[in-house]
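Before any comments, here is the structure.
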Amino acid sequence: MRWIWIDRIVEIEKGERCVTIKNVSAAEEVVHDHFPATDDRPAMPIMPNTLIIEGMAQTAGIMVGHAGDFKEKVLLAKITKATFHAVAKPGYTIRHIATMENFGKSGASTKGVTELIDPDTGESKPLAEISIMFSHIDHNMAGLEFPEHNFVFTGMFIDLLKRSGVDVE
Amino acid sequence: MTQEEVFEKVQEVLEDALGVDDDEVTPEATLVGDLGAESIDFLDIVFRLEKAFDVKIEQSELFPDGVLNDANYVQDGKVTDAGMAELKSRMPHANLDEFDDSRKVEDFSNVFTVDAVCKFIENKLAAA
Chain A
1 MRWIWIDRIV
11 EIEKGERCVT
21 IKNVSAAEEV
31 VHDHFPATDD
41 RPAMPIMPNT
51 LIIEGMAQTA
61 GIMVGHAGDF
71 KEKVLLAKIT
81 KATFHAVAKP
91 GYTIRHIATM
101 ENFGKSGAST
111 KGVTELIDPD
121 TGESKPLAEI
131 SIMFSHIDHN
141 MAGLEFPEHN
151 FVFTGMFIDL
161 LKRSGVDVE
Chain B
1 MTQEEVFEKV
11 QEVLEDALGV
21 DDDEVTPEAT
31 LVGDLGAESI
41 DFLDIVFRLE
51 KAFDVKIEQS
61 ELFPDGVLND
71 ANYVQDGKVT
81 DAGMAELKSR
91 MPHANLDEFD
101 DSRKVEDFSN
111 VFTVDAVCKF
121 IENKLAAA
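If you read the sequences in order, they're chains A and B.
Residue numbering for the first sequence follows the numbering used here, beginning at 1 and increasing consecutively.
Residue numbering for the second sequence follows the numbering used here, beginning at 1 and increasing consecutively.
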């Protein structure tokens, strides 16, 4: 399994905004096991909220990385807010819309709205609000040192950017 | 803006950034010891202060970096005279008297009090 919880970047505006989508599939093991049937009720397959947060973190993280030309190692440092209004079932599409609140040498703060697109009508409704802070870890206050190579934006993310039509060196 | 108004806004910033209650955010409360701030929270606090007071803040202005890991300023886990002078010049907003008595690096986080943040903002607004 590849640790990537977005399928495609549909929009990216440097330093401002990034929009991605993720299709929820019944074939995904995490959905299959979350939640299995019990004696009292049938299976209730939904996308785990934790992984929806991860999808937003990847969306916003790409936006932050892109803003710094992918030179910084961008790590999730703090989930400032995560409020959910609905559940994401197989067949639905999740759309993450991340916007930049602040961007500085030490890191960035982002605000995000996640929507759920109904496969029958194509209409979207609010799924979650997820705000995240990222650290540019080579400038961390604790003075910790990290490996020189950029282990955050690996081939997996570069491939995603390229197949989404985003120019990366 | 009055001192009280500054305090109220700082209080709100710290409540939001650190998830604490308003009665915990007293002037003498320390950000790390009393309010549980971690290093990334300092960046969050700086971003929120910028927004709340419409000022531009470098993180190192409020929370100086590079002093406590400089061998010229720290010896055997204690801040030297030169280090104290450097901290005093870079942190006019903080009360360093108590820290000056111990000078132990591990005690340094105690100088970051709510009052120090308020004073920093007052100085910043006065200079604007």
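Virtual Cβ for every residue (Gly too), placed ideally from N, Cα, C.
Fair warning: this is a prediction, and the values are worked out from it, not measured in the lab.
Within 8 Å of any Cβ in chain B, is that where the Cβ of residue i sits?
i	result
SER106 (chain A)	yes
Does DSSP put residue i in a helix, in a strand, or in coil?
i	result
GLU61 (chain B)	helix
ALA29 (chain B)	coil
LEU76 (chain A)	strand
VAL10 (chain A)	strand
ILE52 (chain A)	helix
SER109 (chain B)	helix
LYS78 (chain B)	strand
VAL13 (chain B)	helix
ILE62 (chain A)	helix
ALA88 (chain A)	coil
HIS149 (chain A)	coil
ASP70 (chain B)	coil
PHE70 (chain A)	coil
LEU96 (chain B)	coil
VAL168 (chain A)	coil
LEU35 (chain B)	coil
VAL20 (chain B)	coil
PHE7 (chain B)	helix
ALA57 (chain A)	helix
Which chain A residues sit within Cβ distance under 8 Å of residue i?
i	result
ASP44 (chain B)	LYS78, THR80, SER109 and MET133
GLN59 (chain B)	GLY104, LYS105, SER106 and MET141
Specify, as a first and last residue, the run of the alpha helix (DSSP H) that residue i falls within.
i	result
PHE53 (chain B)	39-53
ARG90 (chain B)	81-90
ASN123 (chain B)	114-127
ILE158 (chain A)	155-163
VAL31 (chain A)	29-32
Residue i touches chain B at which residues, Cβ-Cβ below 9 Å?
i	result
GLU72 (chain A)	None at all; the shortest Cβ gap to chain B is about 13 Å.
GLU101 (chain A)	PHE47 and LYS51
For residue i, write down the residues that DSSP places opposite it in a beta bridge.
i	result
ASN102 (chain A)	A:SER109
PHE134 (chain A)	A:LEU76 and A:ALA108
SER124 (chain A)	A:ILE117
GLU129 (chain A)	A:THR83 and A:VAL113
HIS96 (chain A)	A:THR20 and A:THR114
Quick check: is the beta carbon of residue i nearer than 8 Å to any beta carbon in chain A?
i	result
LEU121 (chain B)	The amino acid at residue 121 (chain B) is misidentified as Leu; the sequence shows Ile. With 8 Å as the cut-off, ILE121 (chain B) does not count as an interface residue toward chain A.
GLN75 (chain B)	no
Since residue i is in the beta strand (DSSP E), which residue starts that stretch and which ends it?
i	result
ARG103 (chain B)	Taken as a continuous stretch (DSSP letters only), ARG103 (chain B) belongs to no beta strand (DSSP E), as it is neither H nor E.
VAL19 (chain A)	17-23
Hey, does residue i have any beta-carbon neighbour from chain E nearer than 8 Å?
i	result
SER25 (chain A)	Absence of chain E from the displayed structure is noted, the protein chains being A and B.
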